[in-house]
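Participant: Letter by letter, the sequence shown follows residues 59 to 493 of the numbering used here.
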Amino acid sequence: MTTTPAGVPGVDYPAPLYPGITYVIPCGGAKLDRAAPAAELYIGSMFRHALVNVERLAAMDEDEGRGPARVLILSALHGLVELGTVLEPYDLRIDAPGSVTAETLAAQALDLGIDWGSAVYAFLPRAYLARLDEALRTLDVYVQDVYEACRGNGDQRRVLSIAGTDHRAPAPVVPAGPGPVVWIGADVNGFTWGVPILVSYGRLRDVQTLPVARAPWVLDSRGFNEIREHGEWTIDPAAYVADCRRYAAEIGHLQWVAPQDWPAGAALLERTGLTEAEHQARTVASVVQLRAMAPDLNVIAVVTGKDVAGYLRCIDAYADAGIDLRAERLPIGVGALVGRAPADAAAIVQVLHAAGLRNLHGFGVKGRVLDLVGDLLASVDSAGWSDEARRRTGACPHGLVAWERNCPRAAQEWGAGLRARAAGADVQEALPLFG
Ligand SMILES: [Zn+2]
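(1) Specify whether the stretch 355-370 and the stretch 312-327 touch according to this definition: at least 3 beta carbon pairs, one from each stretch, less than 8 Å apart.
(2) Locate the beta strand (DSSP E) running through residue 140, then write down its first and last residues.
(3) Please work out which residues of its chain come closer than 8 Å, Cβ to Cβ, to residue 329, disregarding the five sequence neighbours upstream and downstream, and give them in chain order.
(4) Tell me whether residue 333 is buried or exposed, calling it buried when 16 or more other Cβ atoms sit within 10 Å of its Cβ.
(5) Closer than 6 Å by C-beta to residue 346: which residues in its own chain qualify, once you throw out the five before and the five after it? Chain order, please.
(6) Using CA coordinates, which residue listed in 482, 444, 420, 174 is at the minimum distance from residue 316?
(7) Taking residue 173 as the reference, which of 212, 223, 253, 77 has the closest Cα?
(8) Can you tell me the Cα-Cα spacing of residue 318 and residue 425, whole angstroms?
(9) Taking the straight line between their C-alpha atoms, what separation do you get for residue 463 and residue 397?
(10) Over the uninterrupted alpha helix (DSSP H) stretch that includes residue 240, give me the two end residues.
(11) Can you tell me the Cα-Cα spacing of residue 298 and residue 113, whole angstroms?
(12) Does at least one heavy atom of ligand 1 sit under 6 Å from the Cβ of residue 337?
(13) Please determine if the stretch 94-114 and the stretch 157-167 are in contact, where contact requires at least 3 C-beta pairs separated by less than 8 Å.
(14) So, residue 438 versus residue 238, is the Cβ gap smaller than 7 Å?
(15) Between which two residues does the alpha helix (DSSP H) containing residue 341 stretch?
(16) What separation, rounded to the nearest whole angstrom, lies between the Cα atoms of residue 247 and residue 192?
(17) Quick check: residue 418 and residue 436, are their CB atoms within less than 7 Å of each other?
(18) What whole-angstrom Cβ distance do residue 364 and residue 412 have, given they're in contact under 8 Å?
(19) When the distance is taken between beta carbons, is residue 166 closer than 7 Å to residue 137?
(20) Quick check: is any heavy atom of ligand 1 less than 6 Å from the C-beta of residue 190?
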């Protein structure tokens, strides 16, 4: 095959055949308002998700010796473009008049070294795929439709996540060792630290481009803030489940999610004007509902109460709903501890442990409470790192990042310190209340 590059009229020469795999992703509607390389021009979440994962897939192909691999973008206006090609913003859909023709696409493909025998994989919606297929058939190239069995956007997102997951790397595991696992409270930047983190739903729901987790993580539902701000839940359970599933598929390594709980500490009881029993009933109802809606998600039970006796009543409320907390496979969240005197919070943990509850997760447990009952807890989360990090204003001495407040090693060391403190807890274990 020969081709005539623009600007060299009448001169034909063979374009070298690209010797590897070509992946094609579609352009996106949302764009920057200025000229930029194609890889940066499109800012929509689906485009960013596709680019991140397919680039990762191409890198794995190269690492594993399947030859070079590249990602091209199929632009409705410009046709096949390389990631570095600078484009002006434009507004055109593939199905609109003036979109790139199959003839133009075929000529571009030849210029890009695509010809008979080339491996071309498309991550493209129907209309894009049809145009590319029409073009490449004239070159006897048959496009592989990666989305063949996908029914919609959600399926496509999942396929992309799976494609971009490095299956050679072992799945990260929650570190073993003395002391409770410390899930460091973090926002979306924490996913790069490579340590266990807890992220609140409130921090994630508006994120455009979801990151990929390098370590296990857990999701808090923002129950405390939700009830404090609104006096009720304003987040639809179906929306919460849909988002949790998206996080599980796209971010990966999601260990468990909190229910839409109703903390029964004094301040929130006052806020809603409801009884402790009502807060507990609604918390239990959320666990039952979310588990029924999404058995694929690990929705943990969360116990809450006004005081020690209230927490024990919460165990009964779960039992009445058919959930035996003493036989839970998942961790059990102990909520509403924040804001209590350390001795009171510690007494609650001690009594729950004595009541036969295991694998307890202490929400927001820190400091003195850790000293008192840290080794009765399987895990804690702490927002303390973000406060601590804000005080670390200097450059990163480890040479890992520019600023120490973003340093993964600093976060790691801080979590390890907390864990060691909890491991040293000197607990006077209460006598078991129940056989
Ligand atoms: Zn550092």
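Every residue gets a Cβ at the ideal spot worked out from N, C-alpha and C, and that includes glycine.
As the structure is a prediction and not an experimental result, all values here were calculated from the model.
Facilitator: On the basis of the supplied data:
(1) yes
(2) 137-140
(3) 285, 286, 289
(4) exposed
(5) 379
(6) 420
(7) 77
(8) 26 Å
(9) 26 Å
(10) Note, residue 240: premise wrong, no alpha helix (DSSP H); beta strand (DSSP E) at 239-243.
(11) 29 Å
(12) no
(13) no
(14) yes
(15) 334-351
(16) 42 Å
(17) yes
(18) The pair is not a contact, with the Cβ atoms about 19 Å apart (cut-off 8 Å).
(19) yes
(20) no
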